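Since the structure comes first, as structure tokens, the remarks are kept for the end.
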Amino acid sequence: MKLTVGAVGRPGTTAPNKTGDWRVLHPEFLHEKCAGCSLCAMACPEGCVTGDPKAKRFDYDAYYCKGCGLCVAVCPVGDIRMVAETR
């Protein structure tokens with residue numbers, strides 16, 4: 057798909073691209089106090105936070121996470137934190 061400056065692409069056209077390479081922070085799921093509420097998964101704009109509410113265990117897909125921190129912001133028990141990327 058050819059784009060010019062100021063152009064807008066169709067929704068979903070970047071889904072096949074691994075777009076998490078440029079982030080400087082990523083979420084770290086501590087797996088200590090998770091309430092199983094799924095708010096982190098619902099808040100993720102990329103849909104890369106997945107898990108099992110019954111097991112109270114969530115994680116993120118590093119290939120797509122942009123490091124926005126919304127999962128951290130909505131976690132009611134503080135079981136997720138942002139940490140610096142190490143490459």
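Numbering (our numbering), first residue to last: 57 to 143.
Backbone N, C-alpha and C define an ideal beta-carbon position, used for all residues, glycine too.
Note that the structure is a prediction, hence the values are computed from the model and not measured.
What's the call for Tyr119, buried or exposed, on a 16-neighbour Cβ count within 10 Å? The sequence position of residue 119 within the sequence shown is 63, counting from 1. Tyr119 should be labelled exposed.
My output table needs one value for Ala111: the three-state DSSP class, helix, strand or coil. Locating residue 111 in the sequence shown gives position 55, where the first residue counts as 1. Coil at Ala111, not helix or strand.
Do you know whose CA, among Thr75, Arg137 and Glu141, lies nearest Cys90's CA? Position 34 of the sequence shown holds residue 90. Per the Cα distances, Arg137.
Would you say Cys96 and Asp117 are within 8 Å of each other, going by their C-beta atoms? Translated into the one-based positions of the sequence shown, residue 96 becomes position 40. Translated into the one-based positions of the sequence shown, residue 117 becomes position 61. No, they are not a contact pair.
Have a look at Val128, Phe85 and Cys124 and flag the residue whose alpha-carbon is nearest the alpha-carbon of Trp78. Residue 78 sits at position 22 when you count from the first residue of the sequence shown. Cα-wise, what sits closest to Trp78 is Cys124.
Quick check on Asp108: buried or exposed, where buried means 16 or more other Cβ atoms within 10 Å of its Cβ? Counted from its first residue, the sequence shown places residue 108 at position 52. By the 10 Å Cβ count, Asp108 comes out exposed.
Span separating the alpha-carbon of Cys131 from that of Leu81: Sequence index remark: in the sequence shown, residue 131 carries index 75 (1-based). Sequence index remark: in the sequence shown, residue 81 carries index 25 (1-based). Cα-Cα distance, rounded: 17 Å.
Cα-Cα, which of Pro83, Val133, Leu86 and Glu102 is closest to Pro72? Within the sequence shown, residue 72 is the residue found at index 16, counting from 1. In terms of Cα proximity to Pro72, the closest of Pro83, Val133, Leu86 and Glu102 is Glu102.
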